[in-house]
Amino acid sequence: MSDLVNKLDESSDANPNFTFCGAELPDDYSSDWMCELALENSDRIMTASENDTVYLTLDSVQYIFTVCIRLRLPPDIRYLAALIFARFMKIHTEQVLGFLDDMKLNEKRRLREWERVEANLSRQTTLRMLSSIQIASKALSYHDSLSSKQVCSCLRSLGFAYTQRAALKSELRILKTLEYRLPRSPLLYSETFLKLVVCRWASVDIKEIWEHTLMFLDIAFLHHEQVFILIDIF
Numbered sequence: 001m002s003d004l005v006n007k008l009d010e011s012s013d014a015n016p017n018f019t020f021c022g023a024e025l026p027d028d029y030s031s032d033w034m035c036e037l038a039l040e041n042s043d044r045i046m047t048a049s050e051n052d053t054v055y056l057t058l059d060s061v062q063y064i065f066t067v068c069i070r071l072r073l074p075p076d077i078r079y080l081a082a083l084i085f086a087r088f089m090k091i092h093t094e095q096v097l098g099f100l101d102d103m104k105l106n107e108k109r110r111l112r113e114w115e116r117v118e119a120n121l122s123r124q125t126t127l128r129m130l131s132s133i134q135i136a137s138k139a140l141s142y143h144d145s146l147s148s149k150q151v152c153s154c155l156r157s158l159g160f161a162y163t164q165r166a167a168l169k170s171e172l173r174i175l176k177t178l179e180y181r182l183p184r185s186p187l188l189y190s191e192t193f194l195k196l197v198v199c200r201w202a203s204v205d206i207k208e209i210w211e212h213t214l215m216f217l218d219i220a221f222l223h224h225e226q227v228f229i230l231i232d233i234f
């Protein structure tokens, strides 16, 4: 894993520069962009279901976050990677269950087949997590994107011997299952809002707000069930 760590040691500062005005949108475009994000988020809330977070468990999120932090990847990559993994596993599991239903097996044989499939899914979990991180890194940060070779190096350091071909096939499998449509990193909404705040109130301590934003997002991902319960209470 040393070559991977060395490569990521050279990574640029992951924190966004909210005071940089070089690529700033005009006010009209900023308003349009905020409206677009608001509509998109509203649609996602309306179409959400309890099954969306079945694989967004504390253990899986901790694992993905830990790998991303050890690889010194920008924060938004870990959030997107967790969402990609959860969405893929949900759809993939539904596809497998549908396939078993179509086979018209008796209950005993169906249970045996499911146990075999479940063992295979469990065995591939780490590979799917690393592939999700790889896809997120390519989608959000070209400078820090992970290649199949680097994914294999990371997997070997974790005790899993996968070839580059296997890593590439896993990446493509996830993308095809998601129909190449990736969810947005929730950090995008926060970054957009904080940029607008800085434009209007330059004296705001945006660094502190940014650090608290990351902390709250980490908590929301790691303990989303408890967070949703508290939201319902209030």
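With full-length UniProt numbering applied, the sequence shown corresponds to residues 1 to 234, in that order. Just so you know, even glycine gets a beta-carbon here, dropped at the ideal spot from N, CA and C. Quick caveat, the model's predicted, so the values are computed rather than measured.
Quick check: what's the CA-CA separation for Asp-205 versus Val-198? 9 Å
Helix, strand or coil, according to DSSP, for Asp-76 in the structure here? helix
If you follow the alpha helix (DSSP H) that residue 235 is in, where does it begin and where does it stop? Outside the displayed range of the chain (1 to 234) lies residue 235, so it cannot be described from this structure.
Here's the rule: buried if 16 or more other CB atoms are within 10 angstroms of the residue's CB, otherwise exposed. What is Leu-155? buried
Tyr-63 by DSSP, collapsed to three states: which one? helix
So, for Tyr-189: in the same chain, excluding its five sequence neighbours on each side, which residues have a beta-carbon less than 8 Å away from its beta-carbon? Leu-37 and Asn-41
In three-state DSSP terms, what is Lys-104? coil
Suppose contacts are defined by Cβ-Cβ distances below 8 Å. Is Pro-183 in contact with Leu-83 by that definition? yes
What would DSSP say about Trp-201, mapped onto helix, strand or coil? coil
Flag Arg-112 as yes when its Cβ comes closer than 7 Å to any non-hydrogen atom of the ligand FAD, and as no otherwise. Among the components modelled here there is no ligand, and therefore nothing to report on the ligand FAD.
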